[in-house]
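*Asks:*
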Amino acid sequence: MTARSLRPMGFDPVLLWLLAAPAWVLLYTSLVPLADLAFGLTPLARDTRLGEAVWFFAYDTPKVLLLLTGVVFAMGIIRSFFSPERTRALLAGRREGIGNAMAASLGIVTPFCSCSAIPLFIGFVSAGVPLGVTFSFLIAAPLVNEVALGLLFATLGWRIALTYLTFGLAIAISAGWVIGKLRLEGWLEPWVLTIQAGGAGIPAASVTWPDRIRAGTEAVREIVGRVWYWIIAGIAVGALIHGYAPEELLASIMGKEAWWSVPAAVLIGVPMYSNAAGIIPVVEALLGKGAALGTVLAFMMSVTALSLPEMVILRKVLSMKLIVAFVTVVTIGILAVGFLFNLLIA
């Protein structure tokens, strides 16, 4: 894509986004009241399982789509400054480990659940950032967050919270590093590779700001247009799980102290969908019933970092082989943390 090819669009992109930006901010800051308004049009009660599922869908769908649109637009502008080749060169080779650490650290300060972190992941991938680095962010954003750390600090003290932070970062960095070393970029969906290659020929010196905004607009049309229905499908699955998760059954199964409790916790947690705040009631129930700390942490990690709705959305970007590789590497890390915590506490 060149500067010349960016110009023939029949509208003023600067004016368009000057009008759209305040609307985006207004919508994003009004998600809760808008979800309440939409839910009020239904005959459902919020305190029912179906009502909670419907409200969650009404809230999370516009949130993730707005995030995706904003991030992809921003990354489209960034790509007009840096070609994918230059971006990869900055983060490849011996700098790749540093890139993984930086991406994981960025994940800590972005309070996203797994599905909300995907827009940034897609933006990074489409801009040519190394795949392993993007996975470090995708893992860390839901896994190591202020809610989980605050809960651990308040209930179990700063040593446990610090240990969780250390191991959570270790999983994000090492899993991303391993995936990067495996060189699995060829397992991305072909349309993602096409977008990466498309930004290589932009001559930064000859591109004006209207051209850059057109590039961002084109990125939104290309990427959001391809994945929006996958996102809605993933959130619909997550909403049903969110509303119908049997907390008492989970507590009764995972409250048993046995060697298989950690892998069982991971298997139970993967189909669920919640952020750390949403899973806290289940975590408290498990701890109250005497579940081992490592089992509880493994469950929390699997829910926040390996949710089924996340996999549904990622399927539009990643091949099944790459999703399996991602799940395998992260699961190994989560199991290691669960068993290690149980051993340390015992």
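So for the sequence shown, this note's numbering puts the first residue at 11; every next one is plus one. Heads up, the beta-carbon is just placed ideally off N, CA and C, and yes, glycines get one too.
Within this structure, are the beta carbons of V234 and L75 separated by less than 9 Å?
*Replies:* yes
*Asks:* From T341, Y254, L116, pick the residue whose C-alpha is nearest to that of M311; which is it?
*Replies:* T341
*Asks:* Sort out for me which residues DSSP pairs L328 with in a bridge.
*Replies:* L198
*Asks:* How long is the line joining the alpha carbons of L203 and V82, rounded to whole angstroms?
*Replies:* When only Cα atoms are considered, L203 and V82 end up about 15 Å apart.
*Asks:* Is S40 buried or exposed, if buried means 16 or more other CB atoms sit within 10 Å of its CB?
*Replies:* exposed
*Asks:* Quick check on S90: does DSSP put it in helix, strand or coil?
*Replies:* DSSP places S90 in coil when its eight states are reduced to three.
*Asks:* Three or more C-beta pairs under 8 Å: does that hold for the stretch 187-195 against the stretch 136-148?
*Replies:* yes
*Asks:* From A151, A31, I183, pick the residue whose C-alpha is nearest to that of E320; which is it?
*Replies:* A151
*Asks:* Helix, strand or coil: which one does DSSP assign to W269?
*Replies:* W269 carries a coil assignment under DSSP once its states are collapsed to helix, strand and coil.
*Asks:* Using the Cα positions of W238 and W201, report the straight-line distance between them to the nearest angstrom.
*Replies:* 15 Å
*Asks:* By Cβ distance, which residues of its chain are closer than 8 Å to V247, with the 5 residues on each side in sequence left out?
*Replies:* Y283, L318, P319, V322
*Asks:* How big is the Cα-Cα spacing for E62 and W219?
*Replies:* In this structure, the alpha-carbon of E62 lies about 44 Å from that of W219.
*Asks:* What did DSSP end up calling M282 once you bin it into helix, strand or coil?
*Replies:* In the structure shown, M282 sits in coil (DSSP, three-state: anything other than H, G, I, E or B).
*Asks:* Distance check for L153 and L175, CA to CA, integer angstroms please.
*Replies:* 9 Å
*Asks:* For I242, which residues from the same chain have a beta carbon less than 7 Å from its beta carbon, with the 5 sequence-adjacent residues on both sides left out?
*Replies:* T71
*Asks:* Buried or exposed, going by whether 16 or more other CB atoms sit within 10 Å of the CB of D221?
*Replies:* buried
*Asks:* Can you give me the C-alpha to C-alpha distance between A275 and A30, rounded to a whole angstrom?
*Replies:* 44 Å
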